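Undergrad:
Residue numbers (the working numbering): 150 to 360.
#1: Taking its Cβ as the centre, do 16 or more other Cβ atoms sit within 10 Å of residue 279, making it buried, or is it exposed?
#2: Just to check, is the beta-carbon of residue 264 closer than 7 Å to a non-hydrogen atom of the ligand MG?
#3: Just to confirm, are residue 175 and residue 357 a CB contact at a threshold of 8 Å?
#4: Report the rounded CA-to-CA distance for residue 238 versus residue 321, giving the unit in angstroms.
#5: For residue 169, name the three-state secondary structure that DSSP assigns.
#6: On the criterion of 16 or more Cβ atoms from any shown chain inside 10 Å, does residue 169 qualify as buried, or is it exposed?
#7: What residues match up with residue 272 in a beta bridge as DSSP calls it?
#8: Could you check whether residue 178 and residue 184 sit closer than 8 Å to each other, using their CB atoms as the reference points?
#9: Quick one: what does DSSP say residue 294 is sitting in, helix, strand or coil?
#10: DSSP state of residue 207, grouped into three classes?
#11: Thinking residue 354 and residue 302 are a contact (beta carbons under 8 Å), I'd like their distance in whole angstroms, please.
#12: Could you tell me if residue 208 is buried or exposed, where buried requires 16 or more neighbouring beta carbons within 10 angstroms of its beta carbon?
#13: In terms of residue numbering, what span does the beta strand (DSSP E) encompassing residue 350 cover?
#14: Under the three-state reduction of DSSP, which class applies to residue 321: helix, strand or coil?
#15: What three-state label does DSSP hand residue 200 in the structure shown?
#16: According to DSSP, is residue 336 part of a helix, a strand, or is it coil?
#17: Given that a residue counts as buried once 16 or more other Cβ atoms are within 10 Å of its Cβ, and exposed if not, what is residue 310?
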């Protein structure tokens with residue numbers, strides 16, 4: 150009898166918990182301020198736009214899968230050259246150019262709202278980014294087709310669905326696939342001896358639909 154009581158109680162509590170879960174679609178968009186680490190370039194300003202599903206489990210936690218189109222890159226991208234490089238090779242491997250990379254980002258955002266009765270929230274999570282296009286044209290190297298990033302940010306959601314957000318995203322995969330340094334003399338004293346990572350801020354608006 151006692152065992153049956155606990156089983157029934159567990160089922161009722163589970164049903165109550167699931168009944169409180171809500172799923173609401175939304176859209177997001179704004180400005181992307183990006184750069185490439187060790188690229189010696191200036192920050193590039195572009196945009197991002199996408200959609201999401203806000204899955205609210207509790208008052209203080211929302212799981213938010215997102216799909217976002219993001220334009221990233223850097224201005225005056227320069228490949229660092231060290232002492233001892235070959236000037237002939239340098240002639241066609243070194244240049245300044247605005248670099249643009251377009252990604253489709255699959256993000257799993259975790260939103261935490263620690264303060265009751267306010268829309269303030271903190272955002273953390275991973276992002277799996279697939280390259281869809283770039284303007285990089287090089288005889289020997291290509292930008293990798295995939296990036297993995299971690300993000301952290303802050304946001305505020307108003308009761309009528311509108312929200313504001315600011316996030317920092319740090320890529321963890323070399324955009325040239327870690328093989329960019331060994332094409333000259335197969336050691337660590339060549340002129341390409343850096344790791345190039347995506348680094349970008351996103352500042353924008355969100356809107357969550359109430360249906």
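Every residue, glycine too, gets a C-beta built ideally from N, C-alpha and C.
All of these numbers come straight from a predicted model, not from anything done at the bench.
TA: In short:
#1: In the chain shown, counting from the first residue as 1, residue 279 sits at position 130. By the 10 Å Cβ count, residue 279 comes out exposed.
#2: Only the bare structure without any ligand can be found here, which leaves the ligand MG out of the picture.
#3: In the chain shown, residue 175 corresponds to position 26, counting from 1. In the chain shown, residue 357 corresponds to position 208, counting from 1. Their beta carbons are under 8 Å apart, which means residue 175 touches residue 357 by this criterion.
#4: Along the chain shown, one-based indexing puts residue 238 at 89. Along the chain shown, one-based indexing puts residue 321 at 172. Residue placement at residue 238 cannot be trusted, given a pLDDT of 47 that sits under 50; the coordinates are not used to answer.
#5: For the purposes of this step, residue 169 is identified with residue 20 of the chain shown, where counting begins at 1. Three-state result, residue 169: coil.
#6: Position 20 of the chain shown, counting from 1, holds the residue named residue 169. Answer is exposed; the Cβ neighbour count stays below 16.
#7: Your numbering for residue 272 matches position 123 in the chain shown. Looking at the DSSP assignment, residue 272 forms a beta bridge with 260, 302.
#8: Along the chain shown, read from residue 1 onward, the residue named residue 184 stands at position 35. Along the chain shown, read from residue 1 onward, the residue named residue 178 stands at position 29. Their beta carbons are not under 8 Å apart, which means residue 184 does not touch residue 178 by this criterion.
#9: The sequence position of residue 294 within the chain shown is 145, counting from 1. Correct three-state label for residue 294: coil.
#10: The residue labelled residue 207 in the question sits at position 58 within the chain shown. Here residue 207 sits in strand by DSSP.
#11: The residue labelled residue 354 in the question sits at position 205 within the chain shown. The residue labelled residue 302 in the question sits at position 153 within the chain shown. Contact doesn't hold; Cβ gap of about 13 Å is too wide.
#12: Residue 208 sits at position 59 when you count from the first residue of the chain shown. Classification for residue 208: exposed.
#13: Counted from its first residue, the chain shown places residue 350 at position 201. From DSSP, the beta strand (DSSP E) with residue 350 extends over 347-357.
#14: The residue given as residue 321 occupies position 172 in the chain shown. Residue 321: coil per DSSP, three-state reduction.
#15: Looking up residue 200 in the chain shown gives position 51. Strand, per DSSP.
#16: As a first step, residue 336 must be located in the chain shown, where it is residue number 187. Summary for residue 336: the model assigns pLDDT 49, below 50, so the residue's position carries little reliability; its value from the coordinates is reported in the next sentence. Coil, per DSSP.
#17: Translated into positions along the chain shown, residue 310 becomes position 161. So residue 310 counts as exposed.
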